[in-house]
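*Asks:* Below is a structure I'd like to ask you about.
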Amino acid sequence: MPTTLQIATVAGAVVWPLGAGLALVLWSKARAAAHARKVAAMEADLRGMFHDIESSPVPNRLTMVVDALEEGEALTPARAAARDSKSTVRS
């Protein structure tokens, strides 16, 4: 029949790895939760920033620049064709 000391020794040998494993699991879950909170806070900040930018009116100068760039893209093929036709006429 095992003595109380033997039972305590066996119980200690079995319980401490389980306790260490449980502590590791709890620590990793707490760390993951802290990371998830940090990521959620960053996403909320980005959403707020994009909402602010989206809701602000576009400055007139920026609208003019965008229009000029769009017109420039539309005119670029025509200018290239005009240059090509001029170079063939000169040849």
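Numbering of the sequence shown is given in our numbering, commencing with residue 192 and proceeding in unit increments.
C-beta atoms are modelled at their ideal positions from N, C-alpha and C, and glycine is treated no differently.
Ignore the nearest five residues each way along the sequence and tell me which others in G212's own chain have a CB closer than 8 Å to its CB.
*Replies:* For the purposes of this step, residue 212 is identified with residue 21 of the sequence shown, where counting begins at 1. Same-chain partners within the cutoff: there are none.
*Asks:* May I have the straight-line CA-CA distance separating R238 from R228, to the nearest angstrom?
*Replies:* In the sequence shown, counting from the first residue as 1, residue 238 sits at position 47. In the sequence shown, counting from the first residue as 1, residue 228 sits at position 37. Cα to Cα, the separation comes out at about 15 Å.
*Asks:* Could you check where the alpha helix (DSSP H) with V201 kicks off and where it finishes?
*Replies:* To locate residue 201, count along the sequence shown from 1; it is residue 10. Element bounds for V201: T195 to S246.
*Asks:* Classify M192: buried if its beta carbon has 16 or more other beta carbons within 10 angstroms, exposed otherwise.
*Replies:* Position 1 of the sequence shown holds residue 192. So M192 ends up on the exposed side.
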